[in-house]
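Novice: Before I ask anything, let me first share the structure, which is written out below as structure tokens.
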Amino acid sequence: MKKIFFSILGGLLLGLVTSFILFNYQSSSISYVNRAGVDQVAGEMDFDFVFNASLMVIGISILIFTIWSFVDRKTDEKFLKDYESSRKENS
Numbered sequence: 001m002k003k004i005f006f007s008i009l010g011g012l013l014l015g016l017v018t019s020f021i022l023f024n025y026q027s028s029s030i031s032y033v034n035r036a037g038v039d040q041v042a043g044e045m046d047f048d049f050v051f052n053a054s055l056m057v058i059g060i061s062i063l064i065f066t067i068w069s070f071v072d073r074k075t076d077e078k079f080l081k082d083y084e085s086s087r088k089e090n091s
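Each residue of the sequence shown is one higher than the one before, starting from 1 at the first, in the UniProt record's numbering.
Structural data, given as structure tokens:
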């Protein structure tokens, strides 16, 4: 459970920072001058950026989880190999 949580957290942090650097987020807004007697500014969200950033976060989270699982498996295999060799030496 801890591995999944930290993979998602790391993916969020690294993915969002990488997205802002690589995809160059630019907010867009439309100004309405004297519409119904009032000046208005309507802000819009860049949905292409949000979609690409979410894909980046998901991809980095999966990558962190995969690498962590691989390293964890290799350390377990090394521990078992060392345990078996020490057990044979002591018998």
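Every residue gets a Cβ at the ideal spot worked out from N, C-alpha and C, and that includes glycine.
#1: Is the beta carbon of Phe23 closer than 8 Å to that of Ala42?
#2: Quick one: complete beta strand (DSSP E) runs, 3+ long, within the stretch 4 to 47?
#3: Identify, in the order they occur along the chain, each residue of the same chain with its Cβ nearer than 7 Å to the Cβ of Gly3, setting aside the five sequence neighbours on each side.
#4: If we ignore side chains and look at the alpha-carbon of each, how far apart do Gly59 and Lys74 end up?
Specialist: So, from the listed chains and residues:
#1: Here the question's residue 42 lines up with position 42 in the sequence shown. Here the question's residue 23 lines up with position 23 in the sequence shown. No, they are not a contact pair.
#2: 28 to 35, 38 to 44
#3: On the sequence shown, position 3 is the one that residue 3 refers to. Looking at the sequence shown, residue 3 is not Gly but Lys. Cβ within range, chain order: Phe65, Trp68.
#4: Numbered from 1 along the sequence shown, position 59 holds the residue referred to as residue 59. Numbered from 1 along the sequence shown, position 74 holds the residue referred to as residue 74. Rounded to the nearest angstrom, the two C-alpha atoms are 23 Å apart.
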